[in-house]
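Quick note on numbering: the sequence shown equals residues 16 to 868 in the UniProt record's numbering. Note that CB positions come from ideal geometry on N, CA and C, so glycine has one too. Because the structure is a prediction, the values reported are computed rather than measured. Take a look at the structure set out below.
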Amino acid sequence: HVTIWRKDYRPPDWLVPEVSLDIALDPASTRVRSSLKVERNGAHDRPLRLAGDEIRPLTVTVDGAEARWTLDGDTLVIDLGGAEHAVVETEVEIVPQDNSKLMGLYASGGILCTQCESEGFRRITFHPDRPDVLSVYRVRMSANKARFPILLANGNEIAKGEGDDGTHWAEWHDPFPKPSYLFALVAGDLAANRDSFTTMSGRKVDLAIWVRERDLPRTGHAMESLKAAMKWDEKVYGREYDLDLFNIVAVDDFNFGAMENKGLNIFNSRYVLADQDSATDADFDAIAGVVAHEYFHNWSGDRVTCRDWFQLSLKEGFTVFRDQSFSADMGSAAVKRIEDVRLLRAVQFPEDSGPLAHPVRPESFIEIANFYTATIYNKGAEVIRMMHTLMGAEAFRRGTDLYFERFDGQAVTCDDFVDAMEEASGVDLSQFRLWYSQAGTPHVTARLEHDTGAARATLHLAQAVPATPGQADKQPMVLPLRTALIGTDSGRELAAERVITLNEPSMSVVFENVDEAPLLSINRGFSTPAVIDVARKSGELERLAQTDADPFARFEALQDLMYRALLAGARGETVDYDPVVAAMGATLRSNALDTAFKGEALIIPGESVIGDRLPLVDPQAVHESRDALRGAVGASLADDLTAVQAITASGGDLSPEAKGTRRLRAVALGLIAAADPSRGAALAKAQYDSADNMTDRQAALATLANLKGPERAEALDDFYRRHRGDTLVIDKWFSLQAMAGRPDTLDQVETLRRHPDFTMKNPNRLRALAGAFAANPWVFHSGEGRGYRMLADFVIAADAINPQVAARLVPPLGRWRRFVEPYAGRMRAELERIAGTPGLSKDVFEQVSKSLA
Ligand code: HT7
Ligand code: ZN
Numbered sequence: 016h017v018t019i020w021r022k023d024y025r026p027p028d029w030l031v032p033e034v035s036l037d038i039a040l041d042p043a044s045t046r047v048r049s050s051l052k053v054e055r056n057g058a059h060d061r062p063l064r065l066a067g068d069e070i071r072p073l074t075v076t077v078d079g080a081e082a083r084w085t086l087d088g089d090t091l092v093i094d095l096g097g098a099e100h101a102v103v104e105t106e107v108e109i110v111p112q113d114n115s116k117l118m119g120l121y122a123s124g125g126i127l128c129t130q131c132e133s134e135g136f137r138r139i140t141f142h143p144d145r146p147d148v149l150s151v152y153r154v155r156m157s158a159n160k161a162r163f164p165i166l167l168a169n170g171n172e173i174a175k176g177e178g179d180d181g182t183h184w185a186e187w188h189d190p191f192p193k194p195s196y197l198f199a200l201v202a203g204d205l206a207a208n209r210d211s212f213t214t215m216s217g218r219k220v221d222l223a224i225w226v227r228e229r230d231l232p233r234t235g236h237a238m239e240s241l242k243a244a245m246k247w248d249e250k251v252y253g254r255e256y257d258l259d260l261f262n263i264v265a266v267d268d269f270n271f272g273a274m275e276n277k278g279l280n281i282f283n284s285r286y287v288l289a290d291q292d293s294a295t296d297a298d299f300d301a302i303a304g305v306v307a308h309e310y311f312h313n314w315s316g317d318r319v320t321c322r323d324w325f326q327l328s329l330k331e332g333f334t335v336f337r338d339q340s341f342s343a344d345m346g347s348a349a350v351k352r353i354e355d356v357r358l359l360r361a362v363q364f365p366e367d368s369g370p371l372a373h374p375v376r377p378e379s380f381i382e383i384a385n386f387y388t389a390t391i392y393n394k395g396a397e398v399i400r401m402m403h404t405l406m407g408a409e410a411f412r413r414g415t416d417l418y419f420e421r422f423d424g425q426a427v428t429c430d431d432f433v434d435a436m437e438e439a440s441g442v443d444l445s446q447f448r449l450w451y452s453q454a455g456t457p458h459v460t461a462r463l464e465h466d467t468g469a470a471r472a473t474l475h476l477a478q479a480v481p482a483t484p485g486q487a488d489k490q491p492m493v494l495p496l497r498t499a500l501i502g503t504d505s506g507r508e509l510a511a512e513r514v515i516t517l518n519e520p521s522m523s524v525v526f527e528n529v530d531e532a533p534l535l536s537i538n539r540g541f542s543t544p545a546v547i548d549v550a551r552k553s554g555e556l557e558r559l560a561q562t563d564a565d566p567f568a569r570f571e572a573l574q575d576l577m578y579r580a581l582l583a584g585a586r587g588e589t590v591d592y593d594p595v596v597a598a599m600g601a602t603l604r605s606n607a608l609d610t611a612f613k614g615e616a617l618i619i620p621g622e623s624v625i626g627d628r629l630p631l632v633d634p635q636a637v638h639e640s641r642d643a644l645r646g647a648v649g650a651s652l653a654d655d656l657t658a659v660q661a662i663t664a665s666g667g668d669l670s671p672e673a674k675g676t677r678r679l680r681a682v683a684l685g686l687i688a689a690a691d692p693s694r695g696a697a698l699a700k701a702q703y704d705s706a707d708n709m710t711d712r713q714a715a716l717a718t719l720a721n722l723k724g725p726e727r728a729e730a731l732d733d734f735y736r737r738h739r740g741d742t743l744v745i746d747k748w749f750s751l752q753a754m755a756g757r758p759d760t761l762d763q764v765e766t767l768r769r770h771p772d773f774t775m776k777n778p779n780r781l782r783a784l785a786g787a788f789a790a791n792p793w794v795f796h797s798g799e800g801r802g803y804r805m806l807a808d809f810v811i812a813a814d815a816i817n818p819q820v821a822a823r824l825v826p827p828l829g830r831w832r833r834f835v836e837p838y839a840g841r842m843r844a845e846l847e848r849i850a851g852t853p854g855l856s857k858d859v860f861e862q863v864s865k866s867l868a
């Protein structure tokens, strides 16, 4: 398997200004005829090289005459002699119904659709298939009219007609030059939820969300989200939609969340379909976020795209930042920030400290599909957020305006983006660029000294960036820390919030007129994606948890109190639960805090993130410690928890308050059950039976799934019967059981693997079972290595079907170095077993070999 290096980037030898495709669609045999107008790029005598993957040329012509060509592996090499221009035509046959990799053209539930990012276009036809080759596309497609009445592609439909053999055809033209990864087509028996949006310059855009007829009633939320996103992007970024048509199609089989193909977004149906009865609040929020994300790509990705795949975060980090800001503006900004940071810490921090750590702009890869990671997406978004913090909203907007204007229609780099931001804002970002090249989560230590006599406080800060694979020595980073000082007794602000930028290995900052013992409120809003270790005196966290005006910092203080107890418990020390109980109780009872915030702030950290704060993890000790805290809180706050568990919100109400009420209810139910399982079971069963929405029902079922007693089986059976055949809800049924903290969960997973509804061919279903139990630490690490064996079996079996999805299951095993023996050795042994499997894909090979290195 070949490693591709960023330093080896060379501009393309040949450009392709125009692509014309003629595709005769049939799931069993699709003919693709392609006509490429090619132009020599610069002075050279190299042949035209067109990438292919699992395709063979049936015919190849150049300017209408038979061509001289060879195959170099899968690459078609065509000798164009001394020509500066040529028209190159090829014909291939593909079999969409056999395409289990779900890259290129494939069949999903009777729909034919494409997925071309990153390198799927080469599975449809021969093409340079690199993001810096931009073309105007014209597509003619034909298909059986009865089976595929709807034919869609990028851009606008310009002609259509009927064939004489039950077929029909449509021709689509996309006027915007685009890279091949944004090509898309869809054919199927689809119905549309149609609407329209009038842009800020007064143009009417037709909107359509295409689904199976029966799913139409579940498309309303996605449509509202789309219109809100279009409006928001005009208001906040001045970005207007540019075509007359915007189509979204939902399919059940999809490797990722969704895809931003120009004018024709294709979505995993889980990020489109929702109603009160089938989707939780989290599902509704995810739909709004993903719909917005894909829409925002129209500018940050499609109009301005990436020069090469090392620049992936150029579009992904920026677009995640844009969708996070959108969601913050649409609901509770505090809750959104807490959720985003929780995800960053749960997924990106472990990635950044493990064998798969890589910079936001990687230097090399074997398989680019492995780099659609939390580092590229979520750390990439934090990098953009820090620029926003450093320069302020207005300068940031000047920067993005300049970026879009300067690079419209081009394929560019992360450096191009930073140049534009630097130029427009006047802020020097030279050292800041290390965020793109250095991997690893920075660690900051902070200590506040107070000189009472001089009324002066001094903040001592130091930073260190840990070594990561291939990067032993690190330079100091630019860390913007939003900081304030608060009076310990009075709770008043002693020093107003300011951004302290730590850009040296260490520094001290002096605050004058600090006439009261101060509390340090640092990294407010999580302004820097770092681990912050603050030297605190006893009682300080308790005060901060009650007084900090910044909701994120207040949440942090409460979480830190929980961690203090959880880590002590995991180390086998005697734990004083009182401070946590008192702080949680005060939060629960506070009249000043809103419900949405309470719902987030009272969540006890999961076992995985607790382990991340220990030098080496004993999963059993972590589990026991967390259970003990949950039990102590549940018992001590039984009355308060019972009171909030009884408060309901109408299922149709998606306001932050209603969502907060349901979240708080779920948290309370879990804690009550942790202290008193039989009471918990009764309350959960009652909540399950009376629920008028999926959030309450799923929360009740999740609690029951952890417990013994007859209610568990009754509710699980009822859930299955009620939702049988409803794919997205049955995914929940699989994962709820795989997420259960029970000694027999591994047995259940084995049984579920043989369930008639289980299939490895559907990525959502595979993730619902294999992904879920691997994210359930106590279960995954149980059974003397049985959990690891099961995951490795899933990886090996899935790799033969869909390597991209299989490779994404590997990271939980890759964390083996973080565990005590015998866990570590057993995990490593399973990685070695996978590595020794003949015929491994390069996707899984890369993940496993790096995990073992
Ligand atoms: N840009 C999209 C990436 C994507 C993808 C990548 C690999 C394999 C399948 C895929 N489907 C979509 C998604 C996004 O970030 O918007
Ligand atoms: Zn994206």
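- Taking Leu608 as reference, the option from Thr676, Gln635, Val648, Asp593 with the minimal CA-CA separation is Thr676.
- Residues Arg471, Ala472, Thr473, Leu474, Leu500, Leu509, Ala510, Pro533 of the same chain have their beta carbon placed closer than 8 Å to that of Phe526, with the five preceding and five following residues left out of the count.
- Assigned with DSSP and collapsed to three states, Gly176 falls in strand.
- Residue environment analysis places Ile662 among the exposed positions, since fewer than 16 neighbouring C-beta atoms fall within 10 angstroms of its C-beta.
- Short of 7 Å from the beta carbon of Ser240, and not among the five residues preceding or following it, lie these beta carbons of its own chain, in chain order: Ile302, Ala303, Val306, Ala307.
- Our two residues, Thr234 and Asp300, have alpha carbons roughly 14 Å apart in a direct line.
- In terms of Cα proximity to Pro671, the closest of Cys131, Gly626, Glu615 is Glu615.
- Residues of the same chain with a CB within less than 8 Å of the CB of Ser864, apart from the 5 flanking positions on each side, are Ala850 in chain order.
- CA-CA distance, Ile811 to Tyr803, rounds to 12 Å.
- By the CB criterion at 9 Å, Leu716 and Ala699 fall inside the cutoff.
- The three-state reading of DSSP puts Ala689 in helix, counting H, G and I together.
- Taking C-beta separations shorter than 6 Å and ignoring five residues to either side along the sequence, the partners of Ala681 in its chain run Ala714, following chain order.
- Taking 8 Å as the cut-off, one finds no heavy atom of the ligand HT7 near enough to the beta carbon of Gly395.
- DSSP, reduced to helix, strand and coil, places Leu617 outside both helices and strands of the structure shown, so it counts as coil.
- Spatial neighbours of Asp257 in its own chain (CB-CB distance under 8 Å, excluding positions within 5 residues in sequence) are listed in chain order as Phe191, Asn313, Arg318.
- Annotation for Pro533: the continuous beta strand (DSSP E) segment containing it runs 533 to 536.
- Relative to the ligand ZN, even the nearest heavy atom lies 8 Å or more away from the CB of Thr663.
- Ser211 places its beta carbon 9 Å or farther from that of Pro143.
- If only complete runs of 4 or more residues are kept, the region 233 to 297 shows the alpha helix (DSSP H) at 235 to 252, in order along the chain.
- Rounded to the nearest angstrom, the gap between the Cα atoms of Ser536 and Val514 is 12 Å.
- Between the region 356 to 373 and the region 267 to 275, the count of C-beta pairs closer than 8 Å stays below three; the two stretches do not touch.
- Taking a cut-off of 8 Å on C-beta distances, the region 82 to 92 does not touch the region 37 to 51, as fewer than three cross pairs fall below it.
- For Met522, the beta-bridge partners assigned by DSSP are Leu476.
- For Ser505, the closest of Arg769, Arg832, Ser293, Glu531 by C-alpha to C-alpha distance is Glu531.
- In the three-state reduction of the DSSP assignment, Ile381 falls in the coil class.
- Around the CB of Ala807, 16 or more other CB atoms lie within 10 Å, so the residue is classed as buried.
- The C-alpha of Ala43 lies about 51 Å from the C-alpha of Gln635.
- Not one heavy atom of the ligand ZN sits closer than 8 Å to the Cβ of Gly851.
- In this structure, the ligand HT7 has a non-hydrogen atom nearer than 8 Å to the beta-carbon of Met274.
- Listed in chain order, the non-local C-beta contacts of Arg757 below 7 Å within the same chain comprise Asn721, local neighbours out to five positions each way being set aside.
- Inclusion of Ser133 in the 8 Å shell around the ligand HT7 follows from its C-beta lying nearer than that to a non-hydrogen atom of the ligand.
- Taking C-beta atoms as the reference points, Leu496 and Thr516 count as a pair closer than 9 Å.
- Short note on Lys250: C-beta not closer than 8 Å to any heavy atom of the ligand ZN.
- Around the beta carbon of Glu726, a 10 Å sphere encloses 16 or more other beta carbons of the protein chains shown; the residue is thus reported as buried.
- Taking a 10 Å sphere around the C-beta of Leu358, we find fewer than 16 other C-beta atoms and assign the residue as exposed.
- Contact check for Ile619 against Arg641 passes: the beta carbons are separated by less than 9 Å.
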